[in-house]
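Going by numbering that gives the first Met the number 0, the sequence shown opens with residue 0, and the numbers climb by one from there.
Where a beta carbon is used, it is the ideal one built from N, C-alpha and C, also for glycine.
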Amino acid sequence: MTPSWEPELRDCRMFYGLFLLSEMDVKSKGILYYSMANLHGYERPDQYEVYLLKAIAEYPEFPRYHLDLGRYYISNENIEKGKLYIKEGLLRVKECFTEAQPLDFEMSLYTFIDEEIDGLYMFEETYKEYEKMSL
Numbered sequence: 000m001t002p003s004w005e006p007e008l009r010d011c012r013m014f015y016g017l018f019l020l021s022e023m024d025v026k027s028k029g030i031l032y033y034s035m036a037n038l039h040g041y042e043r044p045d046q047y048e049v050y051l052l053k054a055i056a057e058y059p060e061f062p063r064y065h066l067d068l069g070r071y072y073i074s075n076e077n078i079e080k081g082k083l084y085i086k087e088g089l090l091r092v093k094e095c096f097t098e099a100q101p102l103d104f105e106m107s108l109y110t111f112i113d114e115e116i117d118g119l120y121m122f123e124e125t126y127k128e129y130e131k132m133s134l
């Protein structure tokens, strides 16, 4: 039996979450939606595309959103649409590095986000893999 207070608590959390979302800047919203896409990728795959599209709509500057959506479409037999998203993502990559090349920036939370979440920086080998997918 569900406790009588549980629906009210759920409504309160949803209201609080919506309030926080309305207070976020577009970059933060994009990161949140991207994180939600990855969370739903395992639990509710039908929501993966929805959240990636929301991330792109909020903050389209980050390559990773486009690249992941492109890979998703390709893996689901929507090859041409996937190629378009991958091409769009590659246009947004700021810089590529090689394994032998020392990184010329100080590692911090922000550079981690730029590399791991946003995809602004990536290794050349990864870039070339995406490039092959887009052909």
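Rounded to the nearest angstrom, how far is the Cβ of residue i from that of residue j, given a contact under 8 Å?
{"i": "Y71", "j": "L51", "result": "7 Å"}
{"i": "E128", "j": "C95", "result": "At roughly 12 Å, the Cβ-Cβ gap does not stay under 8 Å, so E128 and C95 are not in contact."}
{"i": "Y84", "j": "E57", "result": "Actually they are not in contact, since the Cβ atoms of Y84 and E57 sit about 16 Å apart, beyond 8 Å."}
{"i": "Y120", "j": "K93", "result": "6 Å"}
Report the option in the options whose CA atom is closest to the CA atom of residue i.
{"i": "I30", "options": "G40, Y126, E22, Y64", "result": "Y64"}
{"i": "I116", "options": "L134, D45, E60, L20", "result": "E60"}
{"i": "N81", "options": "D24, E22, M23, M132", "result": "The question names Asn, yet the displayed sequence has Gly at residue 81. Ranking D24, E22, M23, M132 by Cα distance to G81 puts M132 first."}
{"i": "D45", "options": "E130, I55, N75, E87", "result": "N75"}
Output the boundary residues of the alpha helix (DSSP H) element that contains residue i.
{"i": "Y71", "result": "62 to 74"}
{"i": "E87", "result": "78 to 90"}
Name the two residues that bound the continuous beta strand (DSSP E) containing residue i.
{"i": "Y58", "result": "No beta strand (DSSP E) contains Y58, which DSSP labels as neither H nor E."}
{"i": "E94", "result": "94 to 96"}
{"i": "M121", "result": "120 to 122"}
Return the chain-ordered list of same chain residues with a C-beta closer than 7 Å to the C-beta of residue i, the five sequence neighbours on each side being excluded.
{"i": "M35", "result": "Y50"}
{"i": "K86", "result": "S133"}
What did DSSP end up calling residue i once you bin it into helix, strand or coil?
{"i": "E5", "result": "Reliability fails at E5, whose pLDDT of 46 lies under 50, so the model's placement of it is uncertain and no value is given."}
{"i": "N37", "result": "helix"}
{"i": "D117", "result": "helix"}
{"i": "E23", "result": "At residue 23 the sequence reads Met, which differs from the Glu that was named. M23 falls in the coil class under three-state DSSP."}
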